[in-house]
Structures are given as structure tokens and as C-alpha cells.
Amino acid sequence: IAKQILPPIYNLWLRKVYGIENLPKDRPFIIAANHASYYDAMLLHFIIVPKLNKKIHALVNNAYWSNPLIKIILDWGGCIPVFVGNKGNKKANDKAIEKATKYLKNNEIVQIFPEGSRSWDGKLKKAYNGIARLALETRVPVLPIGFIGSHRIIPKGKNFPRFARCDVKIGNLMYFKEYYDRKLNEKILVKVTRKVMK
159 IAKQILPPIY NLWLRKVYGI ENLPKDRPFI IAANHASYYD AMLLHFIIVP KLNKKIHALV
219 NNAYWSNPLI KIILDWGGCI PVFVGNKGNK KANDKAIEKA TKYLKNNEIV QIFPEGSRSW
279 DGKLKKAYNG IARLALETRV PVLPIGFIGS HRIIPKGKNF PRFARCDVKI GNLMYFKEYY
339 DRKLNEKILV KVTRKVMK
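Counting from 159, one number per residue, gives the positions in the sequence shown under our numbering.
Here it is, written out as C-alpha cells:
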């Protein structure tokens, strides 16, 4: 039912998708996308899943599992709970990275919002280094994806969509081979994270 009903509804606010040809069909990859609206939380599922016939395992704030209905959806989608910001739980987040690693080793797709939470105005916020850690530890490429204008559809603090449309830009795969054989440290993680965000 969700596959039939939700995509046409989502398309009402979607103007254009650029770079669909950049989706790799023969390998696992990590999606790194900006996050500015509830609208973009599931948008890539409706764009990418029909093309590749694979689930996207998104890392999601663990707070959403407290809602029974949302929990069902998150578990069905194979989402991975993470602790964000000041509520950070290192041991739980290490498990999240382990789970994401297993999906990638199984030739699947993992999605991360590196900023950790939604932006108020659509501008990029400072990112966490989880994206870099996962990419370097697994040696799996990152696919950068930008949502342009999604913050106007369901702005942070609002629950109902407005009459606005957004574009999606899918970039080229990013590899970080120069760091694969080096011991990871904070400097390298920050450098790779900044490259992804740029």
C-alpha cells in the first residue's frame, strides 16, 4: 500500500531530480545528504529504491523509536538508531556503525544525514564525523546528495506541508583511497567530513 500511495503524494512537492545516472547499480554505497525538512526524510526511498530495488538503511535519531507507529515504519525500513548531540551514547553509536557496516558488506545502501538534525533555513550546519568514520572503515564510496528548497515544504517546527517544491541533486561517488591505509585520527575524520559536506 505504501509503495503505491506514497510516491505520488511525495511527487507533488518534487520539482526535478538531477544526476539519477550517478546511482551505482553494482556496489554498496553510503548516501550523505543534507537535512532540512521532514519531507526529505523519506524522499530518497521513493527515488532510489524503485531504480535499484534495494532498501536504504538510514541512520535515524533514536528518539523516534518512542512513537509506536513510527517504530513500526523504522523497523520495517531497516533503519539504524543513533544518539544525536548532547544525548550522545558512544557505545550505542558504535553499535550503529557496526550495523551499518554489516549492511554495506552485504552490498546494501546506508544513508546518513551528517548534520544530525534538520536545518532551520536550508543552510548546511556543522556535520558530525560519523560519515567519514563509516566511509574510511568500510572503504565504501560516499554518494553526496543535495536537497534544494526542502526546508520551505515542511520547515523545522511545522507539521504540515506548504505549497513549495524542491530539487534533488545526486553527485558523483566520492572515494577516499588516500586514507584507507592510514591510522584514523580526528584530523583525518574532520578533513573527509568537510570534503563530503562541500
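Every residue gets a Cβ at the ideal spot worked out from N, C-alpha and C, and that includes glycine.
- Leaving out the 5 sequence neighbours to the left and right, which residues in its chain are closer than 7 Å to T296 when beta-carbon positions are compared? The beta carbon of T296 is closer than 7 Å to those of T259 and L262 in its chain, skipping five residues each way along the sequence.
- Message: Please give the ranges of any beta strand (DSSP E) in the segment 216-289, keeping only runs that are unbroken, at least 3 residues long and fully inside the region.
- Response: For secondary structure counted as the beta strand (DSSP E) over 3 or more consecutive residues, the segment 216-289 holds these complete runs in sequence order: 238-240 and 267-270.
- Query: Which residue comes first and which comes last in the beta strand (DSSP E) that contains F305?
  - Reply: That run of the beta strand (DSSP E) goes V300 to I306.
- Task: Look at the alpha carbon of H203 and the alpha carbon of V242, and state the distance between them as a whole number of angstroms.
- Result: Answer to the nearest angstrom: the Cα atoms are 22 Å apart.
- Item | According to DSSP, residues forming a beta bridge with Y176 | Its beta-bridge partners are K327.
- Query: Shortest alpha-carbon distance to V268 belongs to which of L294, V300 and S195?
  - Reply: Looking at L294, V300 and S195, the one whose alpha-carbon comes closest to that of V268 is V300.
- Grab me the residues of D198's own chain with a C-beta within less than 6 Å of its C-beta, minus the 5 sequence neighbours each way, in chain order. Excluding its 5 nearest sequence neighbours in each direction, D198 has C-beta neighbours in its own chain below 6 Å: F305 and S308, listed in chain order.
- Quick one: grab the DSSP three-state call for I159. Note: I159 maps to coil in three-state DSSP.
- Message: Contact between the segment 273-283 and the segment 188-196 is defined here as three or more beta-carbon pairs at a separation below 8 Å; is this criterion met?
- Response: Segments in contact, yes.
- Query: Counting along the chain, where does the beta strand (DSSP E) carrying A191 start and finish?
  - Reply: In the DSSP annotation of this structure, the continuous segment of the beta strand (DSSP E) that includes A191 starts and ends at F187 to A191.
- Item | CB of N287 within 8 Å of CB of L347, strictly | Contact check for N287 against L347 passes: the beta carbons are separated by less than 8 Å.
- Inter-residue spacing [alpha-carbon to alpha-carbon] between D233 and I311: If you take the alpha carbons of D233 and I311, they lie about 26 Å apart.
- Item | Stretch-stretch touch, CB-based, cutoff 8 Å, three pairs: the segment 314-327 with the segment 176-189 | Contact between the segment 314-327 and the segment 176-189 is present: three or more C-beta pairs spanning the two stretches fall below 8 Å.
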